[in-house]
Structure formats: C-alpha cells, structure tokens
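*Asks:* Sharing a structure with you now.
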Amino acid sequence: MSTHTDTDHMGDIEVVAKAIRIKEILTSQGSLSQPSFVRRLRGLKCHVRVLAAGDQLPIMGSVLQVLYPWQLGNGKNNDSLVLYGRLLNQTFLFTGDLEKEGENEIIERYPQLRVDYLKAGHHGSNTSSSAAFLDHIQPKVAFISAGKNNRYQHPHRETLTRLEDREISYYRTDIQGAVRLTGWLNWHIETVR
145 MSTHTDTDHM GDIEVVAKAI RIKEILTSQG SLSQPSFVRR LRGLKCHVRV LAAGDQLPIM
205 GSVLQVLYPW QLGNGKNNDS LVLYGRLLNQ TFLFTGDLEK EGENEIIERY PQLRVDYLKA
265 GHHGSNTSSS AAFLDHIQPK VAFISAGKNN RYQHPHRETL TRLEDREISY YRTDIQGAVR
325 LTGWLNWHIE TVR
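Structure follows, in structure tokens:
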C-alpha cells in the first residue's frame with residue numbers, strides 16, 4: 145500500500161519488489177496524477193488498485209475501512225489514504241501523512257469516530273495530530289513512525305506535548321525501534337530495536 149507519493153512512503157518499492165513478489169499496489173486516485181509515481185508503478189508490472197472513502201479491505205476476519213480521501217487529490221500529504229478498523233474489540237486509525245486540513249475533514253465527515261490506537265500523522269510533525277483531532281478521536285495509544293536522527297527532527301515537540309497533555313501513551317520508532325502488536329484475545333505492544 146502506498147498511502148501517497150512521498151519518497152519516504154514509496155522510496156524503495158523497487159527494492160521490495162525484487163525481494164518479494166508484489167501482487168497488487170493500493171493507492172489513492174490523486175497519487176496517479178503524479179507522473180513520476182505512475183512511471184515507477186509501470187516499472188513494477190503489477191496490478192494497481194485505486195482506493196477511496198467507502199472501500200473496504202478484508203483483514204484477519206474483519207475489514208479496514210477507507211475513510212479518506214473521498215475526492216480527487218494531488219497525491220501529497222492531505223491525499224493520504226486513511227484506514228480505520230476494528231480487530232479484537234479494539235479500533236485502529238492509520239493516517240499516512242494526513243495534516244490538520246485533512247484531519248478537520250475527517251472530524252466533519254465522521255462526528256462519532258473514536259479510536260483506541262492511532263498511527264500519528266506525518267511522522268509526528270507539528271502539522272498533524274492537531275489538538276482538535278486528538279480531542280475528537282480520543283486515542284489511548286499513538287504510534288509515531290520516524291527515522292532516527294531524521295533531517296526533519298520528527299516527531300516535533302509540539303506533537304508530543306499534545307499527546308502528553310491528553311495522557312495518550314505513545315511509541316516512537318526513532319527511539320524504541322519497530323513496534324509490533326500481538327495477541328489473540330488481547331493486544332500486546334512489543335518494541336524491537
């Protein structure tokens with residue numbers, strides 16, 4: 145799945161495709177408006193499936209619902225695929241690099257949306273995981289995917305403060321390494337560095 149066209153979300157897709165067979169790439173319609181992205185997809189010679197709000201993806205006897213985007217975008221951060229799912233009585237929201245503008249659209253479109261686990265938007269940038277968004281979805285735990293010593297200094301202190309002020313536990317890949325959720329009757333969070 146390519147949430148959008150930024151290099152940090154698609155950069156090594158050719159390397160991955162050489163290591164494992166990719167049957168299908170999932171992306172947003174807006175991503176296909178980026179010529180360089182389309183060239184890369186053609187080079188992979190695999191099926192491309194366009195997702196939009198309302199689509200569903202089966203997973204572990206449940207489904208991930210595509211909540212966003214519902215209109216044609218430009219393949220950039222606020223055109224990120226946003227997925228919501230319920231597994232083992234816990235809810236999950238994956239936001240790609242969605243920023244405040246897109247978060248506000250989610251708030252408007254889904255007034256009852258609450259989640260247990262949030263994949264924080266845009267690597268914990270101060271442009272994402274806004275106060276209004278966090279107050280709306282009320283996550284218990286946030287996961288922040290950011291490279292160690294990254295040039296953007298993600299996650300930003302403002303985002304961490306917003307999480308801390310709301311007593312939302314968080315896990316950071318730049319410090320704790322890979323995060324894995326395991327479980328059958330209950331979820332357990334493990335980190336691996």
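Numbering (the numbering used here), first residue to last: 145 to 337.
The beta carbon of each residue, even a glycine, is placed where N, CA and C say it ideally should be.
1. Given a cut-off of 8 Å, decide if Val194 and Ser172 are closer than it, judged by their beta-carbon atoms.
2. Smallest Cα separation from Leu237: which of Lys244, Gly265, Glu243 and Asn222?
3. Select from Leu225, Leu329 and Thr317 the residue whose C-alpha is nearest the C-alpha of Asp241.
4. Based on Cα-Cα distance, which residue from His280, Asn270 and Gln215 lies nearest to Ser177?
5. Take Gln200 as the anchor and find which of His191, Val210 and Val192 has the nearest alpha-carbon.
6. Taking Leu185 as the reference, give the member of Ile166, Leu329 and Ala322 with the closest Cα.
7. Is Gln209 helix, strand or coil when you go by DSSP?
8. Could you give the residue range of the alpha helix (DSSP H) that holds Gln282?
9. When the Cα atoms are used, what is the spatial distance from Ile169 to Asp156?
10. From the DSSP output, which residues share a beta bridge with Tyr296?
11. Going by the CB atoms, is the gap between His267 and Ala290 shorter than 8 Å?
*Replies:* Walking through what the data contain:
1. The residue given as residue 172 occupies position 28 in the sequence shown. The residue given as residue 194 occupies position 50 in the sequence shown. In contact: Ser172 and Val194 (Cβ atoms closer than 8 Å).
2. Here residue 237 is taken as the residue at index 93 of the sequence shown, counted from 1. When only C-alpha atoms are compared, the closest one is Gly265.
3. The residue you call residue 241 lines up with position 97 of the sequence shown. For Asp241, the nearest C-alpha among the options comes from Leu225.
4. Translated into the one-based positions of the sequence shown, residue 177 becomes position 33. Ranking the options by Cα distance to Ser177, first place goes to Gln215.
5. Along the sequence shown, read from residue 1 onward, the residue named residue 200 stands at position 56. For Gln200, the nearest C-alpha among the options comes from Val210.
6. Stepping through the sequence shown from its first residue, residue 185 is reached at position 41. Among Ile166, Leu329 and Ala322, the Cα nearest to that of Leu185 is on Ile166.
7. Numbered from its first residue, the sequence shown carries residue 209 at position 65. Note: Gln209 maps to strand in three-state DSSP.
8. Working through the sequence shown from its first residue, we reach residue 282 at position 138. Here Gln282 belongs to no alpha helix (DSSP H), and DSSP marks it neither H nor E.
9. Mapped onto the sequence shown, residue 169 falls at position 25. Mapped onto the sequence shown, residue 156 falls at position 12. For Ile169 and Asp156, the distance between alpha carbons rounds to 14 Å.
10. Taking the sequence shown and counting its residues from 1, the one referred to as residue 296 is at position 152. In the DSSP output, where bridge partners are listed per residue, Tyr296 has none listed.
11. Working through the sequence shown from its first residue, we reach residue 290 at position 146. Working through the sequence shown from its first residue, we reach residue 267 at position 123. Yes, the pair counts as a contact, with Cβ atoms nearer than the cut-off.
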